[in-house]
Amino acid sequence: MFPLDQWYVAGFSWELKDRPVARTLLNRNVVMFRTGEGVAAALEDRCCHKSLPLSCGTVERRGVRCGYHGLLFAPDGACLEVPGQERIPTKAKVKSYVLSEKDSILWIWMPREEGGQPTHEAPDYWVHRDPRYTFKGDVFHYDAPYQLIHDNLLDLSHLGYVHLKTIGGNAAVHMNAELKVEASGDQVRVLRYMPESAPPPTYLDAWPFKGKIDRWQEVEFNVSHLNIWTGGADAGTEDMRDPQRGGFHMRGFHAITPETDTTAHYMWTMASNSHPERPDVSGVVFDQTALTFEEDKVVIEAQYRNILRHPGAPQVDIHVDVGPNRARRVIERLARA
Amino acid sequence: MFPLDQWYVAGFSWELKDRPVARTLLNRNVVMFRTGEGVAAALEDRCCHKSLPLSCGTVERRGVRCGYHGLLFAPDGACLEVPGQERIPTKAKVKSYVLSEKDSILWIWMPREEGGQPTHEAPDYWVHRDPRYTFKGDVFHYDAPYQLIHDNLLDLSHLGYVHLKTIGGNAAVHMNAELKVEASGDQVRVLRYMPESAPPPTYLDAWPFKGKIDRWQEVEFNVSHLNIWTGGADAGTEDMRDPQRGGFHMRGFHAITPETDTTAHYMWTMASNSHPERPDVSGVVFDQTALTFEEDKVVIEAQYRNILRHPGAPQVDIHVDVGPNRARRVIERLARA
Amino acid sequence: MFPLDQWYVAGFSWELKDRPVARTLLNRNVVMFRTGEGVAAALEDRCCHKSLPLSCGTVERRGVRCGYHGLLFAPDGACLEVPGQERIPTKAKVKSYVLSEKDSILWIWMPREEGGQPTHEAPDYWVHRDPRYTFKGDVFHYDAPYQLIHDNLLDLSHLGYVHLKTIGGNAAVHMNAELKVEASGDQVRVLRYMPESAPPPTYLDAWPFKGKIDRWQEVEFNVSHLNIWTGGADAGTEDMRDPQRGGFHMRGFHAITPETDTTAHYMWTMASNSHPERPDVSGVVFDQTALTFEEDKVVIEAQYRNILRHPGAPQVDIHVDVGPNRARRVIERLARA
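Chains as they are written, first to last, in the working numbering: chain A, 1198 to 1534; chain S, 1198 to 1534; chain D, 1198 to 1534.
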């Protein structure tokens, strides 16, 4: 059960090249493509004739053509052509989805009722437009339900055990960080501050820190995606709780879109700023973030397999679970609505 | 549900060498072997002692010997020997099937009632005996139910989209070809003629055509197999509707035998004639046909996976579906009988 | 259904090094580890916080630490530490198993009721302590239920068909060997003697036999493991039925521990003596035994897949089945208890 009548991330603009892209989203099989005329579109991934996935077909000027008998479909799912036959049968059409392309992100509206239209605009993501930042992204696949990934991202205390080699650093510092959880509406925010702490390896690779740093981790949970603002500044030089602080910034966009009830897509970008005295470090930051996510994937998939092996086994809560539990209540409330 | 009290193709003569061959046919697990005395036989693939597949055993002069404790079984399933024990238990026997070897084809009788005997002779296939043709064959496996392959073969309009590189050629020509569907008894015939058309790549590799050709595609559906006679002659030189026409001939034997309810064996041979001025081209024709079938396999398996993902989703018929739909009605009638 | 309130073999001492070992035993997911203080322990393989397998964690001086948020557990399952939190929740503990380490074997008590304690000591295995023998062992995995492996080991007549290249030799000799089956309590013994027989390849590699040999095969079935004493002496030089006989000895320890209802662990060691005139041959004997077990695995897994394909199909008993059937009755009686 997922929250519906919501925008979800379906992918990124750069994925739509000269071939259709198949992706299952919230148990629906979707084909996305960009027509020769430049329109990004999303349809049910099934030809209405013999059920071949339209993603096995080809992209043309006006739409996508099936790879079996050549039926051509427009971005709105209308059949434009049945080769060898003049009349187009009335029932020859496929379901379409509303796709909104903004800031290099493909947002798809997932309606509660078939054909339901968006009630509001797709989210804005200003970081992708801000010239101070360079970003790069990727799509990872998880054999685990999406909420286990929410749990992971809302509880960064795991950095000390799972990500020692990249962004982790000292476990005790992470576990004892100052922690604040705020919730309002459908948002949950987990704020962690680690003053006077040692910069982790990735930070040292990216920025010429002089010694200890004041470090922040601000996680903002939304139903469709999380914004994670992390970074650090030389100890004592900035107010680390001020959104206008200077220093080194990693701004992560983390869209966890359910694929099925038990699997998920992790669609993310990582943006960072570069120190004036250093060349662009965004490649290094991206690569190390990708490594970090691979580490998470191993842990979360092992966790999920083990949950399946022990159905109904109880879990004991500890101090770090406040944020994740708040987010679960938001999802539960919206999914029931 | 399959038509029973029917002959089906179980394999080809050249497959029975010095080892037993395991093959599941219509959900029955069968072992085939040729005894040292030359008898081709088919038994249930299970030793009656400890259930090891007999296909894990060895072929001997009089039958097949189990690879676990050495029980020996005759072509009719009788146990001939229990090593270390004089008396052979009354119940020590395995089920046998009637196997008829003709024209290099192994036909198996699939009875409605256990032990039921054939009511007629296995089909004749004269092409394998005709000195004008050279043939070669193979067995492909499909992760798709057998009727999706019938559909494919009875509707050659897909050649223009799926087989561009081999036997396809211009999509519009294929889609607009003259089409005639005939049915009588348990047979369905789909006849397509494409006068004055461009020869496709495989034809040009095989025959010295001078320019445009008159091209024919004659598909004959039978419950156990399809005969597909295709070919072409220089435009205006032959009556392309006359079975005695000259020119280049590809005579395909296509036996689609269900493996299970959801998988199938595609057992086929391709025979062709060679032009007097050219060396034997049957190897080229066979290789390109195999490539064509690989293309079909990709499409049909993708189609089937997508049908499974969308249970109950409706399909819209178009003009090319007349032949396939007729054949489906034949299968349905016989399967219910 | 398995006999409970029994010791089973969980592994071997040499497996517990610096990392935890995960193993499913009788459908229970177990993690085994040796603490820095040297204690061998077995716990349920699930952290009580977020369900990550503890086998993904690390071994420390006092116990095993979870790889997600760092909870530390003692050999008895008590939580010793929750990083970042002073109070340890009362419910923070994991199930523990009684593990007894003897003669390089890890015995685990599988209680009928949760928390049930052993009613007797774990079995003794003197061969591992006897200086006349050198041994080596391994753990194999079978995609087949454990009783099919019992059947195989209690009926060595299959050696003539399955193990021709190693310990098999002439099939007729094996099938016609003198055979005696004894049962007492929960034990079954199958005794086979083959006087004046040709030594098989492995025997010739290991011992300087002069010609024909008197050969013995003594299989002792226990619920948790089988002892298989085999060997041979130059014909006429020893009383092959006397436990004190000389000659070449292969002493096999075969613990077949169910993994799940349909899969099993085969944990075995092979001990042998060396002839005074020859260097240590235990490596050769071990390698050829491993090869033999690989042959058995192929046969038994093929047998099991075929049993699954033919549910309810009857099996016919022959003379070699007396021992296996006795053992099945022991298991059935104990599992019902």
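Note that beta-carbon positions come from the ideal geometry of N, C-alpha and C, so glycine has one too.
Contact note: Leu1249 (chain A) reaches chain S through Val1496, Ala1499, Gln1500, Asn1503, using a C-beta cutoff of 8 Å and chain order. When DSSP states are grouped into helix, strand and coil, Tyr1390 (chain A) belongs to the strand group.
Looking at the backbone, the Cα of Val1359 (chain D) and that of Leu1401 (chain D) are separated by about 19 Å.
Its Cα nearest to that of Val1324 (chain S), the residue S:Trp1426 stands out among S:Trp1426, S:Arg1533, S:Ser1381, S:Glu1283. Within the region 1307-1382 of chain A, the complete alpha helix (DSSP H) runs of at least 4 residues fall at 1343-1351, 1356-1359, 1368-1372.
For Arg1506 (chain D), the residues of chain S that pass the 7 Å Cβ criterion are Asn1226, in the order they occur in the chain. The DSSP-derived three-state label of Leu1213 (chain S) is coil. Secondary structure at Pro1250 (chain D): coil, using DSSP grouped into helix, strand and coil.
The beta carbon of Thr1454 (chain D) lies closer than 8 Å to those of Tyr1205, Val1206, Ala1207, Leu1222, Leu1223, Tyr1343, Ser1421, Ala1461, His1462, Met1464 in the same chain, with the five residues before and after it left out. Residues of chain A whose Cβ lies closer than 7 Å to the Cβ of Val1279 (chain D) are, in chain order, Ile1515. Sixteen is the threshold: when 16 or more other Cβ atoms of the shown chains lie within 10 Å of the Cβ of Asp1352 (chain A), as they do, the residue is buried. Of all alpha-carbon atoms in A:Gly1444, A:Phe1209, A:Arg1389, the one lying nearest the alpha-carbon of Thr1466 (chain A) is that of A:Phe1209. Taking Pro1308 (chain S) as reference, the option from S:Ala1510, S:Phe1199, S:Leu1488 with the minimal CA-CA separation is S:Phe1199.
Only residues of its own chain outside the window of five on either side were considered, and among them Thr1399, Ala1403, Met1447, Met1467, Ser1469 have a CB closer than 7 Å to the CB of Val1482 (chain S), listed in chain order. Taking a Cβ-Cβ threshold of 7 Å, the residues of chain D close to Arg1243 (chain S) are Asn1503, His1507, Ala1510, in chain order.
Taking 7 Å as the upper bound on Cβ-Cβ separation, chain S lies near residues Val1279, Pro1280, Gly1281, Gln1282, Pro1286, Lys1288, Ala1289 of the region 1278-1307 of chain A. Nearest neighbour of Val1279 (chain D) by Cα position, chosen from D:Pro1272, D:Thr1287, D:Asp1273, turns out to be D:Thr1287. Contacts between Ser1354 (chain D) and chain S, judged by CB atoms closer than 7 Å, involve His1266, Gly1281 in chain order. When DSSP reads this structure, Asn1424 (chain D) sits in a beta bridge with D:Glu1417, D:Phe1450. In the DSSP annotation of this structure, the continuous segment of the beta strand (DSSP E) that includes Asn1226 (chain S) starts and ends at 1225-1231.
In the structure shown, Pro1398 (chain S) adopts helical secondary structure according to DSSP, grouped into three states.
CA-to-CA, the gap between Pro1250 (chain D) and Asp1340 (chain D) works out to about 23 Å.
S:Phe1490 is the residue among S:Arg1530, S:Arg1506, S:Val1513, S:Phe1490 whose C-alpha sits nearest the C-alpha of Ile1346 (chain S). A Cβ-Cβ distance of about 6 Å is found for the pair Gly1520 (chain A) and Val1385 (chain A), placing them in contact under the 8 Å criterion.
The three-state secondary structure of Asp1431 (chain D), taken from DSSP, is strand. For Tyr1463 (chain D), the uninterrupted beta strand (DSSP E) run begins and ends at 1461-1469, by DSSP. The Cβ neighbour count for Asp1439 (chain S), taken over all protein chains shown within 10 Å, is under 16; the residue is labelled exposed. Counting every other CB atom within 10 Å of its CB across the protein chains shown gives Arg1389 (chain S) a total of 16 or more, marking it as buried. Nearest C-alpha to Pro1328 (chain A) among A:Asp1477, A:His1451, A:Val1496: A:Asp1477.
Per DSSP, Lys1407 (chain S) is not a residue of any beta strand (DSSP E), being assigned neither H nor E. When DSSP states are grouped into helix, strand and coil, Phe1445 (chain A) belongs to the strand group.
Linking Gly1312 (chain A) to Ala1532 (chain A) through their CA atoms gives a straight-line distance of about 19 Å.
At a beta-carbon threshold of 7 Å, the residues of chain S lying near His1246 (chain A) are Gln1512, Val1513, Ile1515, ordered along the chain. In terms of Cβ geometry, Ala1374 (chain D) and Met1391 (chain D) form a close pair [threshold 8 Å]. Just so you know, the alpha carbons of Thr1232 (chain A) and Asn1226 (chain A) end up roughly 19 Å apart. Within the same chain, Cβ atoms closer than 7 Å to the Cβ of Asp1348 (chain A) are found at Pro1521, the five residues on either side in sequence being excluded.
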